[in-house]
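Letter by letter, the sequence shown follows residues 20 to 239 of the working numbering. Built from N, CA and C at the ideal position, the CB exists for glycine as well.
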Amino acid sequence: MLECVLKDLNVGQDLDINELIDQHMPFIIKSISDVTGRYVSCENDEELSVALLAFSEAVERYDKDKGYFLPFAKLVISSRIKNYLKSESKHSCSSLEELAEKGINVEQEYIEEEDNTYLIEDINKLKSEIDSFGFTLEDLVNEAPKQKATRENAIQLAESINEVEEFTTFMEIKKRLPIKKIVLRFRVTEKVIKRSKKFIISVVIILNKNLRTLKSWIRK
Numbered sequence: 020m021l022e023c024v025l026k027d028l029n030v031g032q033d034l035d036i037n038e039l040i041d042q043h044m045p046f047i048i049k050s051i052s053d054v055t056g057r058y059v060s061c062e063n064d065e066e067l068s069v070a071l072l073a074f075s076e077a078v079e080r081y082d083k084d085k086g087y088f089l090p091f092a093k094l095v096i097s098s099r100i101k102n103y104l105k106s107e108s109k110h111s112c113s114s115l116e117e118l119a120e121k122g123i124n125v126e127q128e129y130i131e132e133e134d135n136t137y138l139i140e141d142i143n144k145l146k147s148e149i150d151s152f153g154f155t156l157e158d159l160v161n162e163a164p165k166q167k168a169t170r171e172n173a174i175q176l177a178e179s180i181n182e183v184e185e186f187t188t189f190m191e192i193k194k195r196l197p198i199k200k201i202v203l204r205f206r207v208t209e210k211v212i213k214r215s216k217k218f219i220i221s222v223v224i225i226l227n228k229n230l231r232t233l234k235s236w237i238r239k
């Protein structure tokens, strides 16, 4: 079957599946972005792993009678990514209850006013972003500030951080908070930052990436 694909793509017969993937990585990444509507990180995105498996599956299943290979591969990748996102959405829905139990309450009135699809999409985007910082939605739930005053202070600090491009750029590149610079800029202690670090990072992401449904929750 690989020979059939190679012929369709007009490449040499000595190419293996890994080389084929390397050659078509831009195509694979674009196929993911067309479904998710966002930039794909080769280092952290679970969607990329799903897409690579889907591309290999497309090679195995491809039949020249189905037409050209790349449109067929794109169809397989899109299907697998959509299935993956649906499974993640189910997980995110259940996580809403966990968030509420920890005091991170997305108000029921707001959920009823908005299309749940947008809320789930924003939660999935947040989940993907915080994964790149080395923690999960479950970590956020478990380590979020439990006292209202602590949460409010953390939100205010995150809002201030988000207004400083130097800090948000640092976070985007280094995948961590510039704690020492934040201490100097806003005259807070490292202890205050570190005890709410994951929560602060999450709020900055919500604001910076304009996750509208979660941003509205913060404003409330």
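ASN102 is classed as exposed because its beta carbon has fewer than 16 other beta carbons within 10 Å across all chains shown. Judged by DSSP in its simplified three-state form, VAL95 adopts helix. Under a 10 Å Cβ-count criterion, THR55 is classified as buried, with 16 or more other Cβ atoms of the shown protein chains found around its own Cβ. GLN42 and SER50 have their C-alpha atoms spaced approximately 14 Å apart. In this structure ALA70 is in contact with ILE47, their Cβ atoms being roughly 5 Å apart against a cut-off of 8 Å.
Here GLN166 carries a coil assignment [DSSP, helix/strand/coil].
Taking C-beta atoms as the reference points, LEU159 and LYS228 fail to come closer than 9 Å.
Within its own chain, the residues whose Cβ lies closer than 6 Å to the Cβ of ARG170, once the five positions on either side in sequence are excluded, are PRO164, listed in chain order. Of the residues TYR81, GLN175 and THR208, the one whose Cα lies closest to the Cα of LYS199 is THR208.
With contacts defined as CB atoms closer than 9 Å, VAL223 and ALA177 qualify as a contacting pair.
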